[in-house]
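Heads up: the structure comes next, in structure tokens.
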Amino acid sequence: MKTKYDLIVVGGGFAGTAAAIEAARQGTDVLLIEKYNCLGGAAAYALVSPFMAFWTHIGEDKKRQNLAGDLFLEIVDEAMKLTARSEDTPMIRDALFDEESMKLAMLRMARKAGVTLLFNTAVTAVTREKGTLRSVKAICKAIDMEFFADHFIDATGDAELSYLAGCTCEVGREGDGQCQPMTLCFRVGGIDKEKFTADRARMQALYKQWQADGRIKNPRENVLVFRNYNEGVMHFNTTRVIKKSPVDPFALTEAEIEAREQTYEMMHFLRSAVEGCENARLLSTALHIGIRESRRVMGEYVLCEEDLIALRRFEDAIAAANYAIDIHSPDGSGTRFQEFSDGEWYEIPYRALLPKGFDNLLVAGRCISSTHEAQASYRIMPFCAELGQAAGCAVAVAKRSGRNARTVNVKDVQAILRTKGFVI
Ligand SMILES: Cc1cc2nc3c(=O)[nH]c(=O)nc-3n(C[C@H](O)[C@H](O)[C@H](O)COP(=O)(O)OP(=O)(O)OC[C@H]3O[C@@H](n4cnc5c(N)ncnc54)[C@H](O)[C@@H]3O)c2cc1C
Numbered sequence: 003m004k005t006k007y008d009l010i011v012v013g014g015g016f017a018g019t020a021a022a023i024e025a026a027r028q029g030t031d032v033l034l035i036e037k038y039n040c041l042g043g044a045a046a047y048a049l050v051s052p053f054m055a056f057w058t059h060i061g062e063d064k065k066r067q068n069l070a071g072d073l074f075l076e077i078v079d080e081a082m083k084l085t086a087r088s089e090d091t092p093m094i095r096d097a098l099f100d101e102e103s104m105k106l107a108m109l110r111m112a113r114k115a116g117v118t119l120l121f122n123t124a125v126t127a128v129t130r131e132k133g134t135l136r137s138v139k140a141i142c143k144a145i146d147m148e149f150f151a152d153h154f155i156d157a158t159g160d161a162e163l164s165y166l167a168g169c170t171c172e173v174g175r176e177g178d179g180q181c182q183p184m185t186l187c188f189r190v191g192g193i194d195k196e197k198f199t200a201d202r203a204r205m206q207a208l209y210k211q212w213q214a215d216g217r218i219k220n221p222r223e224n225v226l227v228f229r230n231y232n233e234g235v236m237h238f239n240t241t242r243v244i245k246k247s248p249v250d251p252f253a254l255t256e257a258e259i260e261a262r263e264q265t266y267e268m269m270h271f272l273r274s275a276v277e278g279c280e281n282a283r284l285l286s287t288a289l290h291i292g293i294r295e296s297r298r299v300m301g302e303y304v305l306c307e308e309d310l311i312a313l314r315r316f317e318d319a320i321a322a323a324n325y326a327i328d329i330h331s332p333d334g335s336g337t338r339f340q341e342f343s344d345g346e347w348y349e350i351p352y353r354a355l356l357p358k359g360f361d362n363l364l365v366a367g368r369c370i371s372s373t374h375e376a377q378a379s380y381r382i383m384p385f386c387a388e389l390g391q392a393a394g395c396a397v398a399v400a401k402r403s404g405r406n407a408r409t410v411n412v413k414d415v416q417a418i419l420r421t422k423g424f425v426i
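Read left to right, the sequence shown gives residues 3 to 426 (the numbering used here).
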């Protein structure tokens, strides 16, 4: 078993997959370790869908501009090729997606780039010497393993690698540390879509009534439901578990149980009260409750709401984003949704990927260095892929120039990213 790599990426969600592919394409020897059996992260294990918007319009002719970088688009294209339905429209490409095709597309792209994949394996410990990570310890089927690398990228969503390494992490909002709610996503079949769509307003009113009667305990303000890539299937993102820490093992277990009860409560509501749902049936619940927010690693820069609102530009920008500050209330009912205008975006600095006190560790995806409010915007899958691509590129540049993640020339990284469609 080979145990030494240039780069170890922990986590195979959109951030980790993009990081690994980008670094490998630039000649880096990469090992990607993933706890589950595929790539895709929350889209796979938490059934998260669709993609939230990742583009804007620029110039006098209002040209459509992708903000998420070219690798994210390539992943979407490769997945679309596998699914290849003649009726698919650009809307489907940009939002709805088939996670099964996505998983295979990511897998093939990673293998083609030369990434070594290790699935069903969890990283459980690290060794370090001062600010340098030396190795990660991992376990699969009771087999203990240790892998060494010059660089590491934490793309675990929950900052597991950084936490194990002893980085300072923050959880939740300032004041009481409460995070955005967790949501167990589920899919429902057997719905008569026409009737269901026509009855939506009545459904929302009835939902409120059932809540007031105590028949619905879910504190969410309404029913959040999306079309799904598969015809005849609706995607429900509507359970809401509040005031439970996503990084406390027993609280997380309680959250899974509460969300499962909410799922059945919702199925009962749909079948007994909503037009077109008389024959609705629960097709699947996610393997893991969806975690919008947990640990955020404190880095050399902490991206905050003021940066977003000011559409701040940074000398060391490595990403751009413009999704709304979308905060599902940690207190119960309500969602704050503060959108950017068309043509507006903010930048994310390289320093937000660089944990304080480390020279060979980067963070990518939803756990980069930011506040609760800022995280609520860049956390969507397209921008997590963008952050991953940037981190992978930075490690490749560091390796080529004989530097490390801390001393790398960010201008060199930016120059490459600009050739890859980054708007920075
Ligand atoms: C309920 C919900 C709804 C959402 N809705 C949308 C939406 O509609 N559109 C949108 O674009 N975004 C949405 N998001 C946000 C988005 O899904 C996530 O923020 C994004 O997927 C995070 O990507 P990531 O790569 O940073 O982390 P993840 O996708 O979570 O990937 C992290 C990976 O690391 C692995 N891992 C973790 N710890 C270890 C370890 N110790 N060892 C090995 N592997 C490990 C995990 O198994 C996982 O595969 C939603 C999120 C939630 C929870």
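Don't be surprised by glycine CBs; every beta carbon is placed ideally from N, CA and C. None of these values were measured; they are calculated from a predicted model.
- At a cut-off of 7 Å, the beta-carbon of K65 does not count as near ligand 1: no heavy atom of the ligand is closer than that.
- Leaving aside the five residues that flank A22 on each side, the residues in its chain whose CB is nearer than 7 Å to its CB run, in chain order, V11, V32, L34, A112, V117, G394.
- In this structure, L119 and N324 do not form a Cβ contact; the two beta carbons are roughly 32 Å apart against a cut-off of 8 Å.
- Here Y7 carries a strand assignment [DSSP, helix/strand/coil].
- In the three-state reduction of the DSSP assignment, A167 falls in the helix class, which pools H, G and I.
- Under the rule that a run must span 4 or more residues, the alpha helix (DSSP H) segments found entirely inside the segment 168–219 read 195–200, 202–215.
- Separation of the CB atoms of L98 and F360 is rounded to 39 Å, and the pair is thereby denied contact status at 8 Å.
- For the set V235, D146, L363, I218, the Cα lying nearest the Cα of R405 is the one of L363.
- Relative to ligand 1, the nearest heavy atom lies less than 7 Å away from the CB of N239.
- A398 sits close to Q28, with the two beta carbons spaced by under 8 Å.
- In the assembly as shown, A417 is an exposed residue. Its beta-carbon has fewer than 16 other beta-carbons within 10 Å.
- By the neighbour-count criterion, in which a residue is buried when 16 or more other Cβ atoms sit within 10 angstroms of its Cβ, I259 is exposed.
- For S137, the enclosing beta strand (DSSP E) starts and ends at 134–142.
- Beta-carbon to beta-carbon, I77 and A107 are separated by about 6 Å, close enough to satisfy the 8 Å threshold.
- With contacts defined by Cβ atoms closer than 8 Å, A378 and D333 do not form a contacting pair.
- For ligand 1, a non-hydrogen atom lies closer than 7 Å to the CB of C187.
- Approximately 6 Å separates the beta-carbon atoms of K246 and E256; this is inside 8 Å, confirming the contact.
- Scanning its chain for C-beta atoms nearer than 8 Å, with the 5 sequence neighbours on each side dropped, one finds around I141 the residues T123, A124, T126, M147, in chain order.
- Taken from the Cβ of R368, at least one heavy atom of ligand 1 lies inside 7 Å.
- With at least 16 other beta carbons inside 10 angstroms of its own, T240 counts as buried.
- For F74, the three-state secondary structure derived from DSSP is helix.
- Between the beta-carbon of R222 and that of R202 there is about 16 Å, and that puts the pair past the 8 Å contact cut.
- Inter-residue distance for H374 and T265 is about 27 Å (C-alpha atoms, whole angstroms).
- When secondary structure is reduced to three states using DSSP, D414 falls in the helix class.
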